[in-house]
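Residue numbers (this note's numbering): 148 to 275. Even for Gly, the Cβ is constructed at its ideal location relative to N, Cα and C. Before any comments, here is the structure.
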């Protein structure tokens, strides 16, 4: 499997994870586990939009579009910042941070490899 497809698969799985988070938010809203219904609905809408964007990055990466890889790299860095937040602070959860960070690191490595694979070869590389 080409590295760009592996990277696209990771992005697709992350998009599904974000959709699962939106589902969890809907359950919390229905269960009355929210302080503000309006804020909860807005957060659900933004979460679904985020999932759609990450899925679009996955599709673009699978098609070999540079913008998809760039967006995917930014996404992985944002996920890593969430993992850093999960490992620090008053309610630190190292296991949760690890579960968040591992797919992001794998995705970041795959996306960087996909960028390298998509780069045109230089003339001086061909001479060797």
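_C-alpha distance - residue 244 paired with residue 255, whole-angstrom precision_ = Looking up residue 244 in the chain shown gives position 97. Looking up residue 255 in the chain shown gives position 108. Distance between the alpha carbons of residue 244 and residue 255: 16 Å.
*Where does residue 154 fall in DSSP's three states?*
Locating residue 154 in the chain shown gives position 7, where the first residue counts as 1. It is helical.
*Could you give the distance in angstroms between the alpha-carbon of residue 151 and the alpha-carbon of residue 182?*
Your numbering for residue 151 matches position 4 in the chain shown. Your numbering for residue 182 matches position 35 in the chain shown. Cα to Cα, residue 151 sits roughly 42 Å from residue 182.
_Neighbourhood of residue 229 by C-beta distance below 8 Å, restricted to the same chain and skipping five residues each side_ = Along the chain shown, one-based indexing puts residue 229 at 82. Hits under 8 Å: 247.
*Residues in its own chain within less than 6 Å of residue 219 by CB, not counting five upstream and five downstream?*
The residue given as residue 219 occupies position 72 in the chain shown. So the list reads 158, 204, 208 and 258, once near-sequence residues are dropped.
*Using three-state DSSP, classify residue 171 as helix, strand or coil.*
Locating residue 171 in the chain shown gives position 24, counting from the first residue. In this structure, residue 171 counts as helix in the three-state DSSP scheme.
*Within 10 angstroms of the Cβ of residue 236, are there 16 or more other Cβ atoms? Answer buried if so, exposed if not.*
For this step, residue 236 is matched to residue 89 along the chain shown. Classification for residue 236: exposed.
*Cutoff 8 Å; reference residue 265; Cβ partners in own chain excluding five residues on either side*: One-based indexing of the chain shown puts residue 265 at position 118. Counting only Cβ-Cβ distances below 8 Å, and skipping sequence neighbours, we find 151, 211, 213 and 216.
*Under 7 Å Cβ to Cβ from residue 262, same chain only, skipping five residues before and after it: list those, please.*
One-based indexing of the chain shown puts residue 262 at position 115. Same-chain partners within the cutoff: 216.
*Please report how far the alpha carbon of residue 191 lies from the alpha carbon of residue 184, in whole angstroms.*
Residue mapping note: residue 191 aligns to position 44 of the chain shown, counting from 1. Residue mapping note: residue 184 aligns to position 37 of the chain shown, counting from 1. Rounded to the nearest angstrom, the two C-alpha atoms are 10 Å apart.
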